[in-house]
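Chemist: Got a structure here, written out as structure tokens. Questions coming.
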Amino acid sequence: EIGRTNMGRSRSVAYHQYPACGVAAGYNSTRHSCNYVEASEFDYMGYSIRTRHWRYTVWYRWDGLNLVADWEGDYADELYDHSGDDSSDLGKWEQDNL
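Last residue of the sequence shown: 98 (our numbering), numbering continuous.
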């Protein structure tokens, strides 16, 4: 189970969106460098879906003028296998991008 709805039923997926700034270091290591950065200054926006066994993220260039992702442009993606993940060591499960 990933989360609970307000009715108490289990959800099987979770969705997340987060920016990347200073992408020279790589997508997975840039999340915190966007703290206190205006949205117009983001470099990329990541959109993730997480199930019990997988996390998939796709990164799109960020249009800082219009504050939207460039859905038609280049992108990068990540896929991580979380089979066996008990949430005790995130770094263990996100080392090999499949």
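The beta carbon of each residue, even a glycine, is placed where N, CA and C say it ideally should be.
If I'm right that Tyr-44 touches Ala-20 with Cβ under 8 Å, what's the distance once you round it to whole angstroms?
Modeler: Working through the sequence shown from its first residue, we reach residue 44 at position 44. Working through the sequence shown from its first residue, we reach residue 20 at position 20. Going by Cβ atoms, the distance from Tyr-44 to Ala-20 rounds to 4 Å, so yes, they are a contact pair.
Chemist: Let me check one thing: in DSSP terms, what residues is Ser-48 bridge-paired to?
Modeler: Taking the first residue of the sequence shown as 1, we reach residue 48 at position 48. In the DSSP output, where bridge partners are listed per residue, Ser-48 has His-16 and Thr-57.
Chemist: Per DSSP, Val-37 is paired with what?
Modeler: Residue mapping note: residue 37 aligns to position 37 of the sequence shown, counting from 1. For Val-37, which the question treats as bridged, DSSP gives no partner whatsoever.
Chemist: So the candidates are Arg-50, Asp-70 and Asp-63; which of them puts its Cα closest to the Cα of Glu-41?
Modeler: As a working note, residue 41 is residue 41 in the sequence shown. Nearest neighbour of Glu-41 by Cα position, chosen from Arg-50, Asp-70 and Asp-63, turns out to be Asp-63.
Chemist: What are the boundary residues of the beta strand (DSSP E) that includes Asp-77?
Modeler: Position 77 of the sequence shown, counted from the first residue, corresponds to residue 77. Where Asp-77 is concerned, the enclosing beta strand (DSSP E) stretches over 75-81.
Chemist: Which residues share a DSSP beta bridge with Asp-89?
Modeler: Your numbering for residue 89 matches position 89 in the sequence shown. Asp-89 is bridged by DSSP to nothing; it lacks a bridge partner.
Chemist: Using a Cβ-Cβ cut-off of 6 Å (strictly less than) and excluding sequence neighbours within five positions of Leu-79, which residues of its own chain qualify?
Modeler: Your numbering for residue 79 matches position 79 in the sequence shown. Taken in chain order, the residues that qualify are Tyr-56 and Leu-98.
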